[in-house]
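Chemist: In the numbering used here, the protein residues as written are 1 to 116.
No residue lacks a Cβ here, since even glycine has one placed at the ideal position from N, Cα and C.
These numbers were taken from a predicted model, which means no experiment stands behind them.
My questions will all concern the structure given below.
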């Protein structure tokens, strides 16, 4: 799957996705962060699902109707391992919906999918 991980996604989770065979662009590997709107636009232009823990993404998608190729919003978890496990599980379980442009919000207890 083609993914774009925001700066706030933990590096071990990005490494795990790459080990699983996913093509991941990671904004934290760049010299600067232009902000969520620019990153979301780049992910959309490149056909990548945008992954973030920043809840402001909801305003961009729902209020501002920013175009996207799918969004996975992870609620902050208490541990790096927890975030990594949740991210991998969501990509596996909801990959089809995400690549179809769904907005998926997940935490340790639940997953909510808003399809286009």
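State the start and end residues of the unbroken alpha helix (DSSP H) segment that holds residue 113.
Modeler: Unbroken run through residue 113 is the beta strand (DSSP E), 111–114; no alpha helix (DSSP H).
Chemist: Count Cβ pairs between the segment 57–66 and the segment 81–100 that sit closer than 8 Å; are there 3 or more?
Modeler: Counting Cβ pairs under 8 Å, fewer than three are found: no touch.
Chemist: For residue 9, does the three-state DSSP call read helix, strand or coil?
Modeler: Looking at residue 9 - three-state DSSP - the assignment turns out to be coil, as it is neither helix nor strand.
Chemist: For my contact list, residue 24 and residue 5 are in at a C-beta cut-off of 8 Å; report their separation, rounded to the angstrom.
Modeler: Going by Cβ atoms, the distance from residue 24 to residue 5 rounds to 6 Å, so yes, they are a contact pair.
Chemist: Determine the DSSP secondary structure at residue 15, reduced to helix, strand or coil.
Modeler: Looking at residue 15 - three-state DSSP - the assignment turns out to be helix.
Chemist: Only counting the same chain, and skipping five residues up and downstream in sequence, which positions put a Cβ closer than 6 Å to that of residue 109?
Modeler: Closer than 6 Å at the Cβ level, and outside the excluded window around residue 109, lies no residue.
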